[in-house]
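S.K.:
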Amino acid sequence: IPVDEFDLVIFGGTGDLARRKILPALFRRFCAGQMEPGARIIGAARSEMDDDGYRNFVREALREFGTGRSCEEGTLDGFCETLSYVTVDARGTQGWKELAAKMKIGVVRAFYFSVGPSLFGDLAERLHQYGMADADSRIVVEKPFGRDLATARALNHTLALHFDEGQIYRIDHYLGKETVQNLMAVRFGNMLFEPLWNAQYVDHIQITVAETVGVGGRGEYYDRSGAMRDMIQNHLMQLLCLIAMEPPAKFDPDAVRDEKLKVIRALDPVPPEDIVRGQYLAEPDDPEKPGYLEHVDNPRSKTESFIAMRLAISNWRWKGTPFYLRTGKRLRGRTSEIAVVFKDTPHSIFGPEAGRHRNILTIRLQPNEGMELGVTIKEPGPGGMRLIDVPLDMSFAEALGPDAEEVPDAYERLIMDVVRGNQTLFMRGDEVEAAWAWTDPLIDGWEARGDAPEPYESGSSGPEDALMLMHRDGRRWREIR
Ligand code: BG6
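Structure, rendered in structure tokens:
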């Protein structure tokens, strides 16, 4: 379904995120026929460039970062016609009048702040000063949304001087992933799961986001952040909220976000023995894969590239069910999944030799997005009552069939939601602050103690102690493949 006509200004329109994610996502939505012919995308950045220069820049970006298989020949030219460019100085006066003159009247106006947070205030102020923002305009901001509670509060305050909360779209791209939205569909669209979704039936929940890549060219940013700030405070926290929240009364932005906020507020403080931090070592004999310290060029760094933790939620639903979270770089595989591990049956009528069998619902974010429910059945054949676990597997790509549109990238969904004015999959200011309020004391704790992360081998499942975090509770991490 096409969205309303819009003008989307991308500040930082020549930056890395624009090249890798925003522009390819817009192109795929264009190919899918979701952009009305009058929709326009205006790149804005400091570099001197004209419209044609920008179009070439975008063509190059699409060549490099994929166009999606649903696009036909010739669509690229059509897409390029929607593009233009203005050289703008966020802190000065250059380009602003020109940009203001370009904006159409009577269409949705969205401004994507794909720039560092230190420019958010300047951009917001100038949008008003030059009369470009009205009560219906939207701004989109990216992480990192602060680096602690104080900086997040300051950012919220700065944006609130110029925009209402209902106009601010804080992106957490994990919320745009197809499986993450499906998580809500599965929980609240089926009778099967919700009655069992509590401490009485769920033994524990594991959330893993494992990456094979290292910190790449982002060493400077990463070394100031670490896995806690880069991944846990936002992406894994959002997954945790969707898994643990109470059913909202409606699928509407504030109803959903109110419930997520309650989860964050019910999180217990985490004792130091329930947190394991790690740093990857160099891949032997591969100069392309240096160790973390070398990668960030800081031999004394105590920043973690891996973190595992055991969390407890103190509310009626979850008291007694631990949540284990882990994420890290340079691990064995690129596996992101949530596993809901149900309890053992209260009594086995098949005797001890039948072994221990548990139902596990696995929600796979990547690769091969989908879900799997492990059920216990009798091993086929005449061998007596022997039990085995088999997966009921649903891969979204397979379930949708070869003719279905490919699973859209998170950014495609989220940018179109901005145009539609739907904030359900965006973080509200108080959510972000609550997540930092929970994160801050943990980081302060290990910094004050001077804890150093444990080295782990590149291509492994992370440090030994992360395995122990589970073993000591008589549990096991699922394999990273
Ligand atoms: C980003 C982090 O937000 O998410 C990166 O800054 C991380 O460090 C990335 O690699 C992971 O996203 P995805 O969609 O590839 O799992």
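Numbering-wise (the UniProt record's numbering), the sequence shown opens with residue 6 and increments by one. Beta carbons: idealized from backbone N, C-alpha and C, even for Gly.
(1) How is valine 301 classed by DSSP in three states: helix, strand or coil?
(2) Entirely within the region 28-56 and at least 4 residues each: give me those alpha helix (DSSP H) ranges in chain order.
(3) Starting from lysine 383 and walking both ways along the alpha helix (DSSP H), at which residues does that stretch end?
(4) Entirely within the region 248-315 and at least 3 residues each: give me those beta strand (DSSP E) ranges in chain order.
(5) Taking Cβ positions only, does lysine 148 come closer than 7 angstroms to chain B?
(6) Taking 6 angstroms as the cut-off, is the beta-carbon of aspartate 228 closer than that to any non-hydrogen atom of the ligand BG6?
(7) Any heavy atom of the ligand BG6 inside 6 angstroms of the beta-carbon of aspartate 21?
(8) To the nearest angstrom, report how far apart aspartate 273 and leucine 316 are at their CA atoms.
(9) Leucine 366: which of Val395, Pro357 and Gly388 sits nearest, CA to CA?
(10) Which residues does DSSP list as the beta-bridge partners of glutamine 211?
(11) Can you tell me which of the three DSSP states glutamine 428 falls into?
(12) Write down the C-beta distance between arginine 34 and methionine 421 rounded to the nearest angstrom, noting that I regard them as a contact closer than 8 angstroms.
(13) Terminal residues of the continuous beta strand (DSSP E) containing arginine 143?
(14) Comparing alpha-carbon positions, which option in Glu183, Pro253, Thr87 and Arg60 lies nearest glutamate 41?
(15) Rounded to a whole number of angstroms, what is the C-alpha to C-alpha distance between arginine 229 and threonine 308?
(16) Would valine 261 be called buried (16 or more neighbouring beta carbons within 10 Å of its own) or exposed?
(17) Going by DSSP in three states, isoleucine 15 sits in which element: helix, strand or coil?
(18) Compute the minimum distance between the beta carbon of aspartate 177 and the heavy atoms of the ligand BG6, and state whether it is under 6 angstroms.
(19) When DSSP labels each residue in this structure, what does arginine 217 get in the three-state scheme?
(20) Should the region 102-115 be called in touch with the region 37-54, which here means at least 3 C-beta pairs below 8 angstroms?
(21) Is any non-hydrogen atom of the ligand BG6 found closer than 6 angstroms to the C-beta of residue 548, if you look at the structure I gave you?
(22) Starting from phenylalanine 118, follow the beta strand (DSSP E) in both directions and report where the run begins and ends.
(23) If you reduce the DSSP assignment to three classes, tell me which class proline 460 lands in.
(24) Report back the beta-carbon spacing between glutamate 436 and isoleucine 212 to the nearest angstrom; my notes put them in contact at under 8 angstroms.
(25) Is the closest heavy atom of the ligand BG6 to the C-beta of aspartate 235 under 6 angstroms?
(26) From the DSSP output, read off the bridge partner residues of threonine 92.
(27) Have a look at Gly71, Arg480 and Val93 and flag the residue whose alpha-carbon is nearest the alpha-carbon of methionine 54.
(28) Give me the DSSP bridge partner(s) of threonine 367.
(29) Residues in its own chain within less than 8 angstroms of arginine 152 by CB, not counting five upstream and five downstream?
(30) Heavy atom of the ligand HEM less than 6 angstroms from the Cβ of arginine 25, yes or no?
(31) Out of Asp21, Val91 and Ala249, state which residue places its alpha-carbon closest to the alpha-carbon of glutamate 147.
(32) Just checking my contact of leucine 286 with serine 463 at CB under 8 angstroms: how many whole Å lie between their CB atoms?
(33) How about valine 283 and tyrosine 117: are their beta carbons less than 7 angstroms apart?
(34) By the DSSP assignment, the beta strand (DSSP E) with arginine 131 in it spans what residues?
(35) Check tyrosine 416 in the structure and name its three-state DSSP category.
M.R.: Short version:
(1) coil
(2) Counting only runs of 4 or more, we get 28-36.
(3) Run containing lysine 383: none in the alpha helix (DSSP H); it sits in the beta strand (DSSP E), 375-383.
(4) 280-285
(5) This model lacks chain B altogether; it includes just one protein chain.
(6) no
(7) no
(8) Between the C-alpha atoms of aspartate 273 and leucine 316 there is a straight-line separation of about 7 angstroms.
(9) Val395
(10) The partner list for glutamine 211 (beta bridge, DSSP) reads Tyr329 and Ala344.
(11) Glutamine 428: coil per DSSP, three-state reduction.
(12) 6 angstroms
(13) 143-146
(14) Thr87
(15) 7 angstroms
(16) buried
(17) strand
(18) Result no, Cβ not under 6 angstroms from the ligand BG6.
(19) The sequence as given places threonine at residue 217; arginine does not occur at that position. Coil, per DSSP.
(20) yes
(21) It is not possible to answer for residue 548, since the shown part of the chain is limited to 6 through 486.
(22) 113-118
(23) Proline 460 sits in a strand when the DSSP states are folded into three classes.
(24) Contact doesn't hold; Cβ gap of about 17 angstroms is too wide.
(25) yes
(26) Paired residue(s): Ala50.
(27) Taking each of Gly71, Arg480 and Val93 in turn and checking the Cα distance to methionine 54, the smallest one comes out for Val93.
(28) Partner(s): Ala344 and Glu377.
(29) Arg229, Ser230 and Arg234
(30) As presented, the structure is devoid of the ligand HEM, carrying the ligand BG6 as its sole ligands.
(31) Asp21
(32) 6 angstroms
(33) One point to set straight first is that residue 283 is glycine, not valine, in the sequence displayed. In this structure, tyrosine 117 does not lie closer than 7 angstroms to glycine 283 by Cβ.
(34) Run containing arginine 131: none in the beta strand (DSSP E); it sits in the alpha helix (DSSP H), 125-134.
(35) helix
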